[in-house]
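All remarks here apply to the structure that follows.
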Amino acid sequence: MSEDLEKGQPPVSKKAKTRAEKQAEHIERIKRTLVASLLGILSGALSFLSGGVPDAHGLQNNGPLAFMIMLAGIVLQKHVFVLLRMDTSKLGAKDWFYQGFMTFALWFMTWTILLSSPRGTLIF
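With my numbering applied, the sequence shown covers 682 to 805.
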């Protein structure tokens, strides 16, 4: 180790990941993002359907219910990860914040698009 320091090279403390390990981690991240996106879209559609017909301003009577449905979608992610046998023990606060934000963003976009659709009907 002292030879490494004399040559100006820092000691290697982490194991270098192989190409297969990097690819497996990348696929796991894609799966987590896909789960967050799909739950956000599903939460947005459920929020629209449970809110009733929007009024002339595009507002529904059950706005707080829509927000609660979105929060349920965020909480449901951990259970979906368990069902998909994904390891959640390595996820930190930043990862969970990202998951929650992705669900929120897609919920908000889906709900807004559906609220602004003509006659308050589902587009799809």
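All C-beta atoms, glycine included, are put in the ideal place defined by N, C-alpha and C.
Out of Leu720, Lys696 and Gly744, point me to the one whose CA is closest to His760's CA. Leu720
So, are the CB atoms of Gly732 and Leu746 less than 8 Å apart? yes
Asp768 by DSSP, collapsed to three states: which one? coil
How should Arg710 be labelled, buried or exposed, when 16 other C-beta atoms within 10 angstroms of its C-beta is the threshold for buried? exposed
Using the Cα positions of Tyr779 and Glu706, report the straight-line distance between them to the nearest angstrom. 16 Å
Just the C-alpha distance for Leu757 and Thr793, rounded to the nearest angstrom, thanks. 22 Å
Taking Thr714 as the reference, give the member of Met790, Gly725 and Trp777 with the closest Cα. Trp777
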